[in-house]
Amino acid sequence: MENIPPPAAQSLRPPPPTSKSPLPPPPGSSVTDGAKISSLRSEFPRLAQQFHPKKNKMKSIAIPSDSKLPIWWKCSEGPDHEWQTTIKNRLEGGGCPCCCGTKLSVTNSIAVLRPDVAELWSKTKNIEKAKPENMMLTAKKAKIWFQCPKGEDHLWQLKLEDALKEGGLECPCCAGKKLSVTNCLLTVRPDIAEMWLLGGENAERIPEGVMAMTDGTGWLSWEGRKWEVNISEVVRREGRPVPPPLPPPVIVEEEEPGEGEKIGVENSAEELAGGEDREGEKSVLEEEKEEEKVKKRNWKDKFKNVLGAFMGRKGM
Ligand SMILES: [Zn+2]
Ligand SMILES: [Zn+2]
Numbered sequence: 001m002e003n004i005p006p007p008a009a010q011s012l013r014p015p016p017p018t019s020k021s022p023l024p025p026p027p028g029s030s031v032t033d034g035a036k037i038s039s040l041r042s043e044f045p046r047l048a049q050q051f052h053p054k055k056n057k058m059k060s061i062a063i064p065s066d067s068k069l070p071i072w073w074k075c076s077e078g079p080d081h082e083w084q085t086t087i088k089n090r091l092e093g094g095g096c097p098c099c100c101g102t103k104l105s106v107t108n109s110i111a112v113l114r115p116d117v118a119e120l121w122s123k124t125k126n127i128e129k130a131k132p133e134n135m136m137l138t139a140k141k142a143k144i145w146f147q148c149p150k151g152e153d154h155l156w157q158l159k160l161e162d163a164l165k166e167g168g169l170e171c172p173c174c175a176g177k178k179l180s181v182t183n184c185l186l187t188v189r190p191d192i193a194e195m196w197l198l199g200g201e202n203a204e205r206i207p208e209g210v211m212a213m214t215d216g217t218g219w220l221s222w223e224g225r226k227w228e229v230n231i232s233e234v235v236r237r238e239g240r241p242v243p244p245p246l247p248p249p250v251i252v253e254e255e256e257p258g259e260g261e262k263i264g265v266e267n268s269a270e271e272l273a274g275g276e277d278r279e280g281e282k283s284v285l286e287e288e289k290e291e292e293k294v295k296k297r298n299w300k301d302k303f304k305n306v307l308g309a310f311m312g313r314k315g316m
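See below:
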């Protein structure tokens, strides 16, 4: 009968004997009915070094090298680098799964390999299983909540693979991309928030819901006037924003009663149209002019008041 050669395992096998004289059976081999039976320890001594000292029922010296039973192995790279597989799998190149990154270990968790990511890991928003100590870098698609220490509501969710990228853990609230109690207009500039137009052109937007530095334009209202501003611009400036100047008032000369007035009225459109009651026509025009003057005076006074109030507030 020909001996069937053991399965190929070139790397871990000792080199074949070159001497023609038969070698004495290696220590650990047993001889049964004259046939040499190789044990794991005798044939693959390097492999046998990873034979788990406690978890296997048999000793490596007693396990046939062609055994198909799963065996426990232990790697020296970490205290929990333990796994179970067949000798065949090991001979085919199967290494320690913890070192290969396919099995969680105290040496390959996110907590160990990426402490910067673990530091911002939310302790309250993630499920119990999703802890940096319990996960490996390979869990790329897992959605994780992160928490920035600068604000309680600086919370955001991200795929792990994005968090692992360089700069991937920028807090969106600190970056002004997400509303927060720390970056809203009410917190950043309560004095300007007080001037915020509620309703109207601002519709539903309120100072608590507007980011002070990144939310475009909004309407302010103060002392009866309302105007649109670039929010971040007014926030950056010191002091409260001032309403834009009123359009320049139309100068109405105090007209001398007499010739000028007469000519004006005579040449007016109303006159040319053939107004019958000249006296009545005249008084209507004058009333309108009077009204216009009063309106402008009122505006001027109002503006002065606003300006006065503003200067007063600024202590000018
Ligand atoms: Zn290992
Ligand atoms: Zn933040």
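Numbering of the sequence shown is given in the UniProt record's numbering, commencing with residue 1 and proceeding in unit increments. By construction, the Cβ of each residue, glycine as well, lies at the ideal position given by its N, Cα and C atoms.
For Q49, the closest alpha carbon among the candidates G200, C96, V250, E170 is that of C96. The DSSP-derived three-state label of G209 is helix. Counting only the Cα atoms, W156 lies some 13 Å from K150.
For V252 against P241, the beta-carbon gap comes to about 31 Å, at or over 8 Å, which does not count as contact.
The beta-bridge partner set that DSSP reports for E77 is empty. For G78, the Cβ falls inside the 7 Å cut-off from some heavy atom of ligand 1.
Take the alpha-carbon of L40 and the one of N134: they are about 34 Å apart. Nearest neighbour of I71 by Cα position, chosen from G78, P79, L91, turns out to be L91. S38 sits close to P64, with the two beta carbons spaced by under 8 Å. Within the DSSP bridge table, the entry for Q157 names W145 as partners. Look at H81: its beta carbon is less than 7 Å from one of the heavy atoms in ligand 1.
For C75, the distance from the CB to the nearest heavy atom of ligand 1 is below 7 Å.
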